[in-house]
Amino acid sequence: MSRWKLYDNWDADLAGLTIEQLRERRAFAAQRAQDAVARRMGRNPKAARDWRKKLSAVEDELLRRESEEG
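Note that my numbering has the sequence shown beginning at 55, numbered continuously upward.
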């Protein structure tokens with residue numbers, strides 16, 4: 055298994071994750087997006103965009119699940 059599987063299948067895996075796993079991914083993506091634009095880490099605008107996109111996908115999935123429950 056590729057060590058990059060998490061990143062390669064990010065969007066496809068979201069539907070099969072639990073709420074807790076989605077929250078963990080949201081926190082992970084938010085931290086990575088923040089690190090990508092941090093001065094001390096070396097700025098990388100492309101990485102920041104990619105992580106914001108991943109973060110948005112997780113948040114969309116969480117909202118979709120909340121609307122199905124409520």
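In this text, a Cβ means the ideal position worked out from N, Cα and C, and glycines have one as well. Predicted model only: the values in this text are computed from it and were never measured.
Of the residues assessed, A83 falls on the buried side of the cut-off, its CB having 16 or more other CB atoms within 10 angstroms.
Per DSSP, reduced to three states, the secondary structure at A84 is helical. Separation of I73 and A102 (C-alpha to C-alpha, rounded to the nearest whole angstrom) is 24 Å. When secondary structure is reduced to three states using DSSP, R97 falls in the coil class, being assigned neither helix nor strand. Beta-carbon to beta-carbon, D62 and A111 are separated by about 14 Å, too far to satisfy the 8 Å threshold. One Cα belongs to L68, the other to Q88, and the distance between them is close to 21 Å.
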